[in-house]
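> Sharing a structure, written as structure tokens. Questions coming.
There are 2 protein chains.
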Amino acid sequence: MRAFVHPTVDQMTPQAILHALADPERAKIYAEIAGLGCIQGCATLADTGERVIPKSSLSQHFRVLREAGLIRSERHGVEMRNYARCAEIDARFPGLLVAIMRAYAQNSGQEFAEAVAAKHA
Amino acid sequence: MRAFVHPTVDQMTPQAILHALADPERAKIYAEIAGLGCIQGCATLADTGERVIPKSSLSQHFRVLREAGLIRSERHGVEMRNYARCAEIDARFPGLLVAIMRAYAQNSGQEFAEAVAAKHA
DNA sequence: GCGTTAGTTCGGGAATATGGAACTATTGAA
DNA sequence: TTCAATAGTTCCATATTCCCGAACTAACGC
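Line order of the protein sequences matches chains A and B.
For the record, in the first sequence the residue sitting at position 102 is 1076 according to my numbering, with numbers rising by one throughout.
For the record, in the second sequence the residue sitting at position 16 is 990 according to my numbering, with numbers rising by one throughout.
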């Protein structure tokens, strides 16, 4: 278990941020963290949804978010605390996070993604 | 060669848009299209950069952008015209594209998107 | 028809993502 | 201090996606 990697503000790239948030699962996780300011643990999230996300996948999702600079993870005893780095990101890329979160909030049904998927099948 | 798939405005998803623009190559292509309003052909782009992107890859990039709703492709005779659907996307997800393009512009001296960001402002 | 131009699709290897099983780190209790 | 429980990480095999050369297709002009 090596130490966590947290990029500095100027190491953040739009590329990594977009990639991290392009996954709705991760966007959801990030939204929850950003909403709460701090969220504890993977297991907490794992069972809140309808689908149970395996904890290894959760761990990966957290890593991607972390390495994109979206969250900061701290180990407190046996558990984990994740904080959204909104302010830092907003300082670097003003308006980006708000716009993305707004977009997700606005989007409800993803019928088209399914249609395309079916077409390519 | 089946007909192109173009999502309607309400079929667009943040997910697809973010995924499409998470690739800097595609972001660059989109920026150029958005900047010019219309760009002709894949080959045009292929040799403008330092690295020559193979046309099959270009074709895929265009498809991803198209199916995310970012561009509209029309075949005019033997060649192709691609238009940015900025207005439509901005109507659906206000501020999203500007924020993303700004972020890319801000990042590591990538001047390319600056003009575009300015244009959308 | 034939050749040329512009782009798409096919196919297979590379890269990335998913998730179960095993492992690690920390705490609390016996 | 040893053991069990909890919380996450890492390993690894499978699955999916991406990349790009080669083959194919569509639209011209001759």
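A virtual CB, placed ideally from N, CA and C, is assigned to each residue, including glycine.
On a predicted model such as this, the values are computed, not experimentally measured, just so you know.
Leaving out five residues before and five after Ile-991 of chain B in sequence, what residues of the same chain have Cβ atoms less than 6 angstroms from its Cβ?
The residue you call residue 991 of chain B lines up with position 17 of the second sequence. For Ile-991 of chain B, where only same-chain residues beyond five positions count, the Cβ hits under 6 angstroms are Ala-1042.
> In whole angstroms, what separates the C-alpha of Gln-1014 of chain A from that of Glu-1062 of chain B?
Position 40 of the first sequence, counted from the first residue, corresponds to residue 1014 of chain A. Position 88 of the second sequence, counted from the first residue, corresponds to residue 1062 of chain B. Taking the straight line joining both Cα atoms gives about 39 angstroms.
> Indicate whether at least one CB of chain B lies closer than 7 angstroms to the CB of Leu-1044 of chain A.
Residue mapping note: residue 1044 of chain A aligns to position 70 of the first sequence, counting from 1. By this cut-off, Leu-1044 of chain A is not an interface position.
> Quick check: is the beta carbon of Leu-992 of chain A nearer than 7 angstroms to any beta carbon in chain B?
Within the first sequence, residue 992 of chain A is the residue found at index 18, counting from 1. Answer yes: the Cβ-Cβ gap between Leu-992 of chain A and chain B drops below 7 angstroms somewhere.
> Using a Cβ-Cβ distance cut-off of 7 angstroms, determine whether Leu-1039 of chain B contacts chain A.
Stepping through the second sequence from its first residue, residue 1039 of chain B is reached at position 65. Closer than 7 angstroms: no.
> Can you pull the chain A residues whose beta carbon is under 8 angstroms from the beta carbon of Gly-1069 of chain B, in chain order?
As a working mapping, residue 1069 of chain B is identified with position 95 in the second sequence. Here the neighbours are Gly-1069, Val-1072, Ala-1073, Arg-1076.
> Does the stretch 1071 to 1081 of chain B come close enough to the stretch 1065 to 1074 of chain A to have 3 or more Cβ pairs within less than 8 angstroms?
Counting Cβ pairs under 8 angstroms, three or more are found: they touch.
> Measuring only between beta-carbons, confirm whether Ala-977 of chain B sits less than 7 angstroms from chain A.
As a working mapping, residue 977 of chain B is identified with position 3 in the second sequence. So, not an interface residue.
> Is it true that the CB of His-1035 of chain A sits closer than 7 angstroms to the CB of Arg-1120 of chain A?
Lying before the first or after the last residue shown, residue 1120 of chain A is absent from chain A, which here runs from 975 to 1095.
> Can we say the stretch 1041 to 1055 of chain B touches the stretch 976 to 991 of chain B, given the rule of at least three CB pairs closer than 8 angstroms?
Touching, yes.
> Let's test the definition: count the other Cβ atoms within 10 Å of the Cβ of Glu-1053 of chain A and tell me whether it reaches 16, buried, or not, exposed.
Taking the first residue of the first sequence as position 1, residue 1053 of chain A is located at position 79. So Glu-1053 of chain A counts as exposed.
> Check the C-beta distance from Val-1038 of chain B over to Ala-1008 of chain B and give it rounded, since I have them as a contact under 8 angstroms.
Residue numbering aside, residue 1038 of chain B sits at position 64 when the second sequence is read from its first letter. Residue numbering aside, residue 1008 of chain B sits at position 34 when the second sequence is read from its first letter. In fact, because the Cβ distance is near 15 angstroms, the residues do not count as touching under 8 angstroms.
> Which class does Ala-1058 of chain B belong to by DSSP, given the choice of helix, strand or coil?
Working through the second sequence from its first residue, we reach residue 1058 of chain B at position 84. If DSSP states are grouped into helix, strand and coil, Ala-1058 of chain B belongs with the strands.
> So if DSSP puts Arg-1046 of chain B in a beta bridge, which residue, or which two residues, is it bridged to?
Position 72 of the second sequence, counted from the start, is the residue given in the question as residue 1046 of chain B. According to DSSP, Arg-1046 of chain B bridges with B:Tyr-1057.
> Classify Glu-1048 of chain A: buried if its beta carbon has 16 or more other beta carbons within 10 angstroms, exposed otherwise.
Residue 1048 of chain A sits at position 74 when you count from the first residue of the first sequence. With fewer than 16 Cβ atoms within 10 Å of its Cβ, Glu-1048 of chain A is classed as exposed.
> In the DSSP assignment, find the unbroken alpha helix (DSSP H) run with Gln-1014 of chain A in it and report its ends.
Position 40 of the first sequence holds residue 1014 of chain A. No alpha helix (DSSP H) contains Gln-1014 of chain A, which is instead part of the beta strand (DSSP E) from 1012 to 1014.
> For the stretch 995 to 1016 of chain A, list every residue whose C-beta sits within 8 angstroms of some C-beta in chain B, in sequence order.
Within the stretch 995 to 1016 of chain A, the residues whose Cβ lies closer than 8 angstroms to some Cβ of chain B are Leu-995, Ala-996, Asp-997, Pro-998, Ala-1001, listed in chain order.
> Of the choices B:Val-1072, B:Leu-1071, B:Asn-1056, B:Ile-1074, whose alpha-carbon is the least far from that of His-980 of chain B?
Taking the second sequence and counting its residues from 1, one reaches residue 980 of chain B at position 6. Here the closest residue by C-alpha is B:Asn-1056.
> Ala-1005 of chain A and Ala-996 of chain B: beta carbons closer than 7 angstroms?
Residue 1005 of chain A sits at position 31 when you count from the first residue of the first sequence. Residue 996 of chain B sits at position 22 when you count from the first residue of the second sequence. Not a contact, by the Cβ cut-off of 7 angstroms.
> Can you give the Cα-Cα distance for Ile-1003 of chain A and Ile-1027 of chain A, rounded to whole angstroms?
Here residue 1003 of chain A refers to the residue found at position 29 when the first sequence is read from its first residue. Here residue 1027 of chain A refers to the residue found at position 53 when the first sequence is read from its first residue. Distance between the alpha carbons of Ile-1003 of chain A and Ile-1027 of chain A is about 11 angstroms.
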